[in-house]
Each structure stands twice: as C-alpha cells, then as structure tokens.
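Below: one structure, written as structure tokens.
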Amino acid sequence: MKEERNTKRRIYNETVKETARRIEEPTRREEVEEREEAVVQQRGEERVSDSSNDEVLEEFLNNIQNEQIDELINNNPYDDIILYNERLADNDGRLIPHRSFTEAEWNEIAGNVEDLVGVIERNGHGARVTMIFGNGFTISNRPFQININNNNINEFLEHLVNFDIGIEEFWRNYDDEEWNLNVPPGALVREVIVESLGLPRRRIEGGFFGYYLKEEWEDIAPLLEKYQVYIRNTIRMNENCFIQCLITSKAFKEEEIESMKSMIHTENISKKNIIKICNKYKFRVELKYYKDEENIKKEVLGNEGIIIPIFLIRWNKSPHYIFNEKVPLTSFFIKNHNEIKEYCNINNQDINKYYLAYEKHNGQYKTKKDRALNVYRALTMLKEQGAFEEITKEDIISFRLYDAEKLKVKLKQIDSNEYKVCESKEHEERKNEEVFYADFECITRGDHHIPFCMVVMDNEGVWNTFYGLDCGKNFIEYLSNFKNPICYFHNLGYDGRFLAQYGIIGIVKKGHNIYSMVIKTFKGKKIRFKDSLGLIPTSIANFKSFFNLEGEYEKEIFPYNFYDFDNLEVGTIEGCWLRENPEWDKEKIKEFKMNLIKTDCLLPNGKFNTKKYCEYYCKRDVEVLRQGFIKFKEMTKKNLDLDCDTFSTISALSYYYFKSKCFNDGRIFEYNGVLRDFIRQAIIGGRNMTNRNIKWKVKEEIVDFDACSLYPSAMKRLLIPTGYPKMIDKPIEFMFEHLMDEQQMIPTNDKFISYFVVRIKINKVGKPRNMPIILKRTKGINEYVNECVEMVVDSIYLQDLIRYQEIEFEAKEGIYWEGEKSDLLSKEIEKVYNIRADMKKNKDPNEIIYKLVMNSSYGKTIQKPILSETKFFRCKKKCDQFWRRNYVDIIYGEPLFGSDIWIVEVKKQLDDFYVPDIIGSLILSMSKRIMNELIYLCEDNNILVYYQDTDSIHIKRNELVGLQELYFNRYNRVLVG
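Under the UniProt record's numbering, the first residue of the sequence shown is numbered 1, with each subsequent residue one higher.
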C-alpha cells in the first residue's frame, strides 16, 4: 500500500513539475511535449490525464493526515505540498482564461491550508504558506508568503487588494482602517503552496510552554501552575512567560508589572528585548539555559538593580522562561510517582505529603525538605518520565497577549516609567545634499506597470532623460555619481516599486504609502528618496494654484494607455486615444493634435514622435514639482523657521512645530504602556450618521453647513492640563465638585482638578436623542445609541453625556490631573489662524502653509504604536534563513515590487512608544462639544438635522437664519465665521 502511494505521489509530482514548466514556457510547446513523452517512455507508464491527476491529488491530500511529516517531505522534490494550482495553459500550451472560485471552493482551500500547516507544526517544523497571485496575462505573478499563525488568510487577501489603488482613492481612505475592497480571493490567487521550513533555529528567547501535563499527573499540577504548566483542560495563556517570572519573583509592584506587560506584544520575547526592559525598570536577570545537552550557560542581563533568576527551557517545542527556584519535588517522587500514588489511594492519604520523599524504608516513605529539585531539573525529569504531551494547534484557538484596541485595559496603579516630559529633539538642517526631482512614465499591462521613461532634474532645473526599459537602472547609475543625493517623487508609493530592486535597505511607510526609502547600490553608494506627496497632499495639477507659480501650464493631454513595447519611438496618431478612460471628447482630441504641432512631435504619414512627446510631458511634470517644492521649502523656512527636508510628512512637520512651541516647557507629559492605552480608550473620532440612523427623502432644499476650521477652533478653546496624572481615589461627585471651569487656568481651593479620564458604566439614559453621543463599539465599528453601555470618557465628554442625555452611571477606575492649565496651544493656534486669514484675504500663496499646519496639527497626538517592523533581504536564500530563525514573529513576506529583494514584515516584541495622547483626546472631545452645542440646539428647537459628519450638518436652507440667531442668543458667539 505504501509503495503504491509513493508511486502515485511520484507521478503527481512529475505532473506538477511538467505543468509548471509549461506555464513558465508556453511558447515552447513542442519541446514540453517531447520532454513529457520521454519521461513516460522511460518509465513505461501511461501519460497521466488531468482527471487521474486530480484523483491522485485527492488521495494524496486525504492521506497526509496519517503520514509523518519527514516521510512526506522526503518524498516531495520541492519540500512543499502544492495544495492548488489553477492551470494557466491548455494541453496545447495556450493561455486559458482565469476563473474565480465560488465562496465554498475558496473556504475549502483555506481550510485545507490550515490542516496542512497543522500537520507540519505538530511535527515540530515551521510552516509557510505561499499564495501566488496572477492569471498569467492581466495580473503579474506575485508570491506572498504568510505565517497563518499571525494572519487570517481572507483578511490578508482583502488587505492586498488595495495595493494598486490610485492616489486620490488612497487619500480619501487614508484614515479609514475598516475600508477594504471586497474582491473574491479566487479572482486573484492561482496557486497556494504550503511548505515546511524544517526545524526552527533556536534563538535565545522564550514564550508559551508547548506541553500540557497528562491527567495521571494532575496531583502535582498545583505546584507547576505558577510556571505556566497546566493540565489540558486548564491551560491559561493570560501572561507572557517572562512576565510570569517577574510576578513569581514578588519583587515588583502591581503597577510595574502592568506597565512591563503592556510593552510586550508577542508571545515570545528575546534576550535582546529583556535587556531593554531590565535597563528601563532598573533590574537584572540571571538567565540560565542549556547550551548543549550537558552544559548550562549563565548570563546576567541588565546594568543595575536586583537580580531575578530565570531559566530558559529550550525543548524542541516552544522554548519557555521559568522562575529559577526550588520546587518541592524530589527525583525519587517523580520516578516512583505511580507507586506512591497507589500507596496514597490504598492508605487514604494526601499525596502532597510525599512530594519530598527520597526513599522507602520498611514500607514507609521518608521525606526531607532539603531534597527539593530546581524547577528546570524537575520539569526535565517529568519529561523523561512521559508526564507531558505536546499541545496541538487544535488545543489553541488564539493566544495573542496584549492589544489595547481589543482588550479592556486594566489600570490599577500608575507606574512612573509610563510618563515623561514632552521634549522636542532638534531637527538639524541637512547640509551638502544635492537635491533632485524625478518621475517615471510606465507601460500598463493590467496591474503590471513597466517603466520606460524617466526624467530627473536638479535644484537648478538642469534635466536628464533616460528612455527605454532600462531607464531605472540608468537613473540610479546617474545619481550614484553625486556625493550625497536626495531625490523627490510625488507619490513614492508608486515610483518606489521600480527603485527598490536596486538595493533597498530602509523604508518608512504607512499602509501602501512610502514616505522615504534608502537604496544602497552594489557600489556602496547610498541614495535617499522622499515623497513630496507626504508633505504636500495634493496632485501636481494643483501646484500652480497652490503656490502661485509663474508661467503657462497647459492642460495635460497624454494617451497613457497607448504606449506599448512596439511604439516607444513612433506611433500612429489616429485612434491612439481609444483606450483612455474617461474617453476623450472631440475637443480634447483637437487639443492633442495641436499639442503635437506645438511640441514639434508631428511626423509624416499620420505618425508622431512618441518618445519626444512622452519626454516633454514627463519633463513638464518634474519642472512643476521642482518649482512647487522649492516654493514650499521657502515658505516653511520663512513662516515656520523649519526645514521641510527633515520631515517625511506634513503631520510630522506640524506636530514638531506645535510641540516645540506649546508642549516643550516642561509641564506637558507624554505617555506609554497601560497609562497611554487607558487614555487612548477615551479618544473617540468624529460622528457620522443620519437622524435616528434611518433614510430620509427630502424635497425641500437643504444646506451642508460646515463648521469653520473645527479642529483649530477646538484647539483655540482648549486649555491643556499640566503635570502627570494620579489615580482617582475619591467618588466621582468629588471630581465634579472640584473640576475647574472650561476656561479656568489657575486652580483655587474649591476648583483644582483640571481634567480626568474615567471608565463608566451607564445605568440609565434619561434623555434619548435622535443623534446620541453614547458610543457602542461592535467589531471595531462605532455605533451611536441610546443604550446602557460601558465607556471610557474624559471629563469633557462625560459632562456632555450628563448635559445632553441625562445619563445615570457608576464610575470605575480612572485618572485625574490637578493644577494649572496651559494656554500655549490656544494662543499659538489663534496666531496661526489669524496670520492665515490675513494672507488669504491678501491672496498671499503663503497661506497654504498655515492651512496645512492647522489641519495636520493633532494627528500625531493620537498616533498608534507601531507594532511591526520591516526587514529587507537581497536574495531569497537569506530571506528563508530569517524565516526559519524568526518564524513565530513573522507576519508575511514578498518579493518587493517584483524585484529580487525580499521584504519581510515582523512583529515588534516590545512597545516603547510614547505619545501625548491626552492632547488628542482633549481636541477630539472639544470638537465634539462644539458640534453637540449646535446639533442639540437644533433638536431642542425642532430644527431637523438630517445628517451629520465630523464637522458639518445638513438642515433645510430656510432654517439656517433662525439657527444663527438661536446660536448667538444661547452662546453669545457668531455661528458663521
């Protein structure tokens, strides 16, 4: 039976290899057929038909679960299990249309993938899933390698669908993390491969204990639970094993443990990251582990403080940290466990009395306290006695540790390591850099883009063109001649894909947007690329009006979809516009033909010089980019005294400006860990809903009434609490009684609490609203309801809940600030606003700088911690080595932008990110208060608000004047302006 199965497997693998060759070389059909025939004749076998091959595959997959992985892999020539291959060629070698799977078919494939990964991991190997995208014609072949322990396949695919979206769509959805294009996976994936990475290389790190104690040993389970060794049905994974060691040591306060816990975002933690924790919290770790089968190595990690003894168990399945101490067990007890257990049952005695038994004399067991074993030795002996069984993947659904977005943050005490004074690092101007501006033009084949034209221009306007399919290579060689080059592209997220293959060593990105990239050529030259779009978030077409550029810039008329390999020099004029989307009208066609004459690109016989015309338009775009960016740089230096070259985004520039002006006086703090995550729960974004969340059909004219500069208005109205917070230890009534007024800066004996953040449980909603402000989060979606829920809110939001919805609630844990408030932010934003207003009135183009700074000012104050990092490898071999060594932390990998370089996304084990998220929370709460004042004024006066978003409402136009009067009478402020 085994021989027959191996024969079928061999036939199947041979068929797969031949199919792969036919896919890769469809034009060499005759050679493929001859090779297939030779294989058949040599073995005296009949050719395997597609149907019989499917039967072999089905039986092969059915039998996988019953086979040892070593045997399975040894008999597979590629060390992988090819799960599915959508054939791209028919028997004649011709490309055939790609088909999409049904939902049921795809779910079956995804299920099979998980089953195969389980087989591999149960045998101690790492498993990698490769999904190959592309139908061989309209979609380029792109392999994505994922670790399904850190990814859901369907969610990963939905994420990838957005890879090639247009930049306008990207910016419209920049902050919408829930946005995904719903494209069926079968429209993308043509092959799924599950492969074994072999036994993982052992790192000095520990994580989840991969074994459970068999039930016959349950009598010693209470002794081992503090080392996270459990019986199967009692497995708990609520703490990282390193944290558990610190808890067991009893050397740390509860708030210190919670703070350290919040830093760790993976189930494993390496020696390198333990050192970081030790140095931050000022303690040391004496780490011991078996260097080989006999010798124990000892290292002391950290620079100062008490020493915590820890042992690293490095068994094949999941290395694990344990607190290194004596456990009340003897080797005699472990070796004679069954006999002692039977003795206790017969004599009705508790077995725990004999944990320290060291011998049996005259039918009695003798015990001695000094015979206790080191815990690592006890666990090793238990393993030798067969007391453990490996935990399978089916036993564990999920064991992710900490995610402040998904778990309720438990704040019990405040640790001083979780706050520090806001400080602005000086940004030095970059000197001796030679600045360039560039752009690619590409041939488009479906989703595959091939650069064929490159124009680069220096700061003085001297330009060079590189034309042809090697334009990127020649461009890099050109920049390599300069000492310290930096080159700007407008949308590096697109152009960067063509540059990475030349030696990328660093990248700063968010989603699919690349802000900066560093390339190191094979000659050792480093070239920096930056994205001007990150600093100037508008299209090149708007630069003339944005920066009041001089000169004529005619409307762009370029047949992008016409260019192909056969017309890069000369093309036919008539019909070259037929593939453009949207279609060209007669007027545009006429202008195009006039442009051919104006640019001297017209040739005889109805032809035009495609190369010259392309270079003209590409050069024109680069010239506009150059002039616009130089103007932008001059403006930021003149108005803000900042060098924009030192920043990657306008948000970073704006944050630095306000941080240095307003948060840098030693009184404002930024936060990390549990404290940061607790405050973050009070950050509530804009409200978007229709009245009562129902559809409305309106026949009368309505107006979209915008709040003018909502966030700057909120900042103007804000006073920022100073100092660091304390735990709330008084009733909530006390907090409100002594809460300072909104515009009160200096505390008094009666009012000295400047701000607080608290978790509340709403017990009653006294006043249901058509547009409520009670937030209910369901699967990551914000829903505003008139229901009793639990929320984390700040004092501003809680006041509004009481004022507008008359809630009754109970307060749980919280934090508060007391003392003076700072008006530096309020004054600075008012100054910036007034300067911009004057400039706008005088039509000064510099006003755009202040507009960008105001609108981007608060984003960095609510920035999330970065929980992953990117690694680059110049070849697949190096990438594979990294996969094997860092398997548990890897999220996914891919060949970067179609090059030979591989990019791997890896989970960061530690989170050491500080942010003044109290400021972001304040700004958002105050902006909502501004909108609440308007919306509930409408509702209380029977003015129907049909719809609201973050900064606008839709009402009937004929009710606007009355609303303005009501608003002034209530708040003594002018509504418009």
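Just so you know, even glycine gets a beta-carbon here, dropped at the ideal spot from N, CA and C.
(1) Taking only the alpha-carbon atoms, compute the straight-line gap between Val-906 and Lys-253 and give it to the nearest angstrom.
(2) I'd like the list of long-range same chain contacts for Asn-561, defined as Cβ closer than 7 Å, with 5 residues on each side in sequence excluded.
(3) Kindly indicate which residue of Tyr-502, Leu-492 and Gln-501 has the alpha-carbon position closest to the one of His-512.
(4) For the segment 927 to 935 against the segment 707 to 721, are there 3 or more C-beta pairs whose distance is under 8 Å?
(5) Please give the ranges of any alpha helix (DSSP H) in the segment 708 to 741, keeping only runs that are unbroken, at least 4 residues long and fully inside the region.
(6) So within the segment 555 to 643, which uninterrupted alpha helix (DSSP H) runs reach at least 4 residues, ignoring any that extend past its ends?
(7) Going by Cα to Cα distance, which pick from Lys-590, Glu-615, Ile-573 and Glu-583 is closest to Gly-606?
(8) Count the other CB atoms within 10 Å of the CB of Val-832; is the residue buried (16 or more) or exposed (fewer)?
(9) Comparing alpha-carbon positions, which option in Arg-377, Glu-700, Ala-541 and Val-758 lies nearest Tyr-617?
(10) Could you tell me which of Thr-778, Val-570 and Val-765 sits nearest to Glu-806, measuring between CA atoms?
(11) Starting from Asn-969, trace the beta strand (DSSP E) both ways and give me its first and last residue.
(12) With a threshold of 16 other CB atoms inside 10 Å of the CB of Met-745, please say whether the residue is buried or exposed.
(13) Out of curiosity, what's the CA-to-CA distance linking Phe-475 and Ser-532?
(14) Less than 7 Å between the CB of Lys-368 and some heavy atom of the ligand MG, yes or no?
(15) When the Cα atoms are used, what is the spatial distance from Val-192 to Met-131?
(16) Taking the Cβ atom as the reference point for each residue, do Arg-128 and Gln-145 lie within a distance shorter than 8 Å?
(17) Using a threshold of 8 Å, state whether the C-beta atoms of Gly-819 and Ser-921 are closer than that.
(18) On the CB-based measure, 16 or more other CB atoms within 10 Å of its CB, does Tyr-515 come out buried or exposed?
(19) For Lys-326, which residues from the same chain have a beta carbon less than 8 Å from its beta carbon, with the 5 sequence-adjacent residues on both sides left out?
(20) Return the CA-CA distance between Glu-342 and Phe-913, expressed in angstroms with no decimal places.
(21) Around the Cβ of Asp-566, are there at least 16 other Cβ atoms within 10 angstroms (buried) or fewer (exposed)?
(22) Give the straight-line distance between the Cα atoms of Glu-965 and Val-674, rounded to the nearest whole angstrom.
(23) Excluding the five sequence neighbours on either side, which residues of its own chain have a C-beta within less than 7 Å of the C-beta of Ser-318, listed in chain order?
(24) According to DSSP, is Tyr-797 helix, strand or coil?
(25) Assuming Ala-837 is part of the beta strand (DSSP E), what are its boundary residues?
(26) Return the chain-ordered list of same chain residues with a C-beta closer than 7 Å to the C-beta of Pro-328, the five sequence neighbours on each side being excluded.
(27) Gly-571: buried (16+ other C-beta within 10 angstroms of its C-beta) or exposed?
(28) Can you tell me the Cβ-Cβ gap for Asn-763 and Glu-810, rounded? I've got them flagged as a contact below 8 Å.
(29) Could you check what DSSP says for Thr-248 in three-state terms: helix, strand or coil?
(30) What are the residues that DSSP puts in a beta bridge with residue 1037?
(31) When the Cα atoms are used, what is the spatial distance from Ser-423 to Arg-874?
(32) Considering only their Cβ atoms, is the gap separating Leu-469 from Ile-450 smaller than 8 Å?
(33) If we ignore side chains and look at the alpha-carbon of each, how far apart do Phe-546 and Ile-536 end up?
(34) On the three-state DSSP scale, how would you describe Ala-438?
(35) Would you kindly report the start and end of the unbroken alpha helix (DSSP H) that includes Ala-221?
(36) Which residues in the same chain have their Cβ closer than 8 Å to the Cβ of Asp-641, if we skip the five residues on either side of it in sequence?
Walking through what the data contain:
(1) 31 Å
(2) Thr-444, Arg-579 and Glu-580
(3) Leu-492
(4) yes
(5) 710 to 717 and 732 to 737
(6) 586 to 598 and 610 to 640
(7) Ile-573
(8) buried
(9) Ala-541
(10) Val-765
(11) That residue, Asn-969, is in no beta strand (DSSP E); its alpha helix (DSSP H) goes 960 to 971.
(12) exposed
(13) 19 Å
(14) The ligand MG is not part of the structure shown, which contains no ligands of any sort.
(15) 5 Å
(16) yes
(17) no
(18) buried
(19) Ala-372, Leu-373, Asn-374 and Val-375
(20) 56 Å
(21) exposed
(22) 46 Å
(23) Gly-207, Phe-208, Phe-209 and Gly-210
(24) helix
(25) Ala-837 -> not in any beta strand (DSSP E); alpha helix (DSSP H) instead, spanning 824 to 841.
(26) Leu-223, Tyr-355, Leu-356 and Ala-372
(27) buried
(28) 6 Å
(29) helix
(30) Since the displayed the chain opens at 1 and closes at 977, residue 1037 lies outside it and no answer follows.
(31) Ser is not the amino acid found at residue 423; the sequence shown has Glu there. Spanning the two alpha carbons is a distance of roughly 38 Å.
(32) yes
(33) 10 Å
(34) strand
(35) 221 to 224
(36) none
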